[in-house]
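Engineer:
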Amino acid sequence: MKKLWLALIPCLAIAAQAQPATQSKDTPVLLVHGFMTYDSASINCGQLWGPILKELKTQGFTNVKTVTYYKASKNCDVNLAKLYGNTGRDNTWKELGRTLSNYVFDHYTKYNQKVDLMGHSMGGLVIRSAVQGGSEYESGFRNILVEDAVTIATPHKGSDFANLCIHRQCKSLQVSHPDFKWLASNPNPQSLMKTNWHLQASNLDSLTTIDSGFAMNVDAQHKKLFKGLSHNAQLRNKASIYHAVQSLVKDK
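Positions -18 to -1, 1 to 234 (mature numbering (1 follows the signal peptide of the UniProt record, and there is no 0)) are the ones given, in order, by the sequence shown.
Structure (structure tokens):
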């Protein structure tokens, strides 16, 4: 009997970890931006996410943080480059996902706290790889608790635009990059708890095709196609913003 009890202890620990206690709109929401194409690798999180931050507040979300991986970024709540180092423009999106998984584990998962993730453009690949790498116990990744994950204008199959890239990070967005083969091997990655994926794309996005934006194994109810929106307009359009925020409570 004693041996049976000892054998059950790891299982009970995992079960306890997979049942976080927080409720819907109190769940921390982390917003992750995409690749910055300009010479200076930096982004203004407050400016980029402003409309979505306003909508999250309107809908009652109480714990929202913007995340950057560029050291020179401004108005961001979390700077992974300053916390962990080695997250600049020469790091691939998978490497950034590894760092994000460590941040989520260090600040949330190890305290049995689930999070929601939202990523725009390459940011969607960062959050997806964070979940997938952790669930597959890839070297350096941490398995984390993620309830809802939203990708907006994310090239899940890569982007032809990246063929013009110079920097290693941008080159990792090329369709032929081997990390996309890894990504495709797990079309609906799950964290330590059930993770609900929501995808948004637009027919006028010149950087992310509809096929690439929807390249995950989720049902039609978890995919939303917008018409007439450019790549970045999907972060400013009222309907797109509203749908993205609603996705965080859709499956609760």
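Backbone N, C-alpha and C define an ideal beta-carbon position, used for all residues, glycine too. Just so you know, these numbers come straight off a predicted model, no measurement behind them.
Pick helix, strand or coil for L146, following the three-state DSSP scheme.
Structural biologist: Counted from its first residue, the sequence shown places residue 146 at position 164. Three-state DSSP puts L146 in a helix.
Engineer: Count the CB pairs spanning the stretch 86 to 104 and the stretch 119 to 138 that are closer than 8 Å, and state whether there are at least three.
Structural biologist: In short, these stretches touch, since the Cβ pair count reaches three.
Engineer: Report yes or no: do the stretch 42 to 53 and the stretch 113 to 131 share at least 3 C-beta pairs separated by less than 8 Å?
Structural biologist: Too few Cβ pairs lie closer than 8 Å, so no.
Engineer: When you compare only the Cα positions, how much space is there between A3 and N145?
Structural biologist: On the sequence shown, residue 3 is found 21 positions in, with the first residue counted as 1. On the sequence shown, residue 145 is found 163 positions in, with the first residue counted as 1. Since pLDDT at A3 reaches only 42, below the 50 mark, its modelled position is unreliable, and the value read off the structure follows with that caveat. Distance between the alpha carbons of A3 and N145 is about 45 Å.
Engineer: Using a Cβ-Cβ distance cut-off of 8 Å, determine whether I192 contacts chain C.
Structural biologist: As a matter of chain content, chain C is missing from the structure shown, which is built from one protein chain.
Engineer: Using CA coordinates, which residue listed in A197, V227 and C27 is at the minimum distance from K56?
Structural biologist: Against the sequence shown, residue 56 aligns to sequence position 74. Nearest option by C-alpha distance: C27.
Engineer: Under the three-state reduction of DSSP, which class applies to Q156: helix, strand or coil?
Structural biologist: Here residue 156 refers to the residue found at position 174 when the sequence shown is read from its first residue. Here Q156 sits in coil by DSSP.
Engineer: Once the 5 residues before and after L(-15) are set aside, which same chain residues still bring their CB inside 7 Å of it?
Structural biologist: Here residue -15 refers to the residue found at position 4 when the sequence shown is read from its first residue. With a pLDDT of only 37 at L(-15), under the threshold of 50, the placement of this residue in the model should not be trusted, and no figure is reported.
Engineer: On the CB-based measure, 16 or more other CB atoms within 10 Å of its CB, does A226 come out buried or exposed?
Structural biologist: Mapped onto the sequence shown, residue 226 falls at position 244. Buried.
Engineer: Do V14 and V86 have their C-beta atoms within less than 8 Å of each other?
Structural biologist: By 1-based counting over the sequence shown, the position of residue 14 is 32. By 1-based counting over the sequence shown, the position of residue 86 is 104. Contact flag unset, no.
Engineer: State buried or exposed for P171, treating a residue as buried only when at least 16 other CB atoms are found within 10 Å of its CB.
Structural biologist: The count along the sequence shown starts at 1 and reaches residue 171 at position 189. With 16 or more other Cβ atoms within 10 Å, it is buried.
Engineer: Looking at Q182 and S222, is the spacing between their C-beta atoms short of 8 Å?
Structural biologist: By one-based count along the sequence shown, residue 222 stands at place 240. By one-based count along the sequence shown, residue 182 stands at place 200. Taking 8 Å as the Cβ cut-off, S222 and Q182 qualify as a contacting pair.
Engineer: Nearest by alpha-carbon distance to D98: which of T190, K7 and N214 is it?
Structural biologist: Locating residue 98 in the sequence shown gives position 116, where the first residue counts as 1. Checking every option, the nearest Cα to that of D98 belongs to K7.
Engineer: What does the alpha-carbon distance come out to for the pair S212 and W179?
Structural biologist: Within the sequence shown, residue 212 is the residue found at index 230, counting from 1. Within the sequence shown, residue 179 is the residue found at index 197, counting from 1. If I take the Cα positions, the gap works out to 22 Å.
Engineer: Beta-carbon separation of D72 and R150 under 8 Å?
Structural biologist: Within the sequence shown, numbered from 1, the residue matching residue 72 stands at position 90. Within the sequence shown, numbered from 1, the residue matching residue 150 stands at position 168. Contact flag set, yes.
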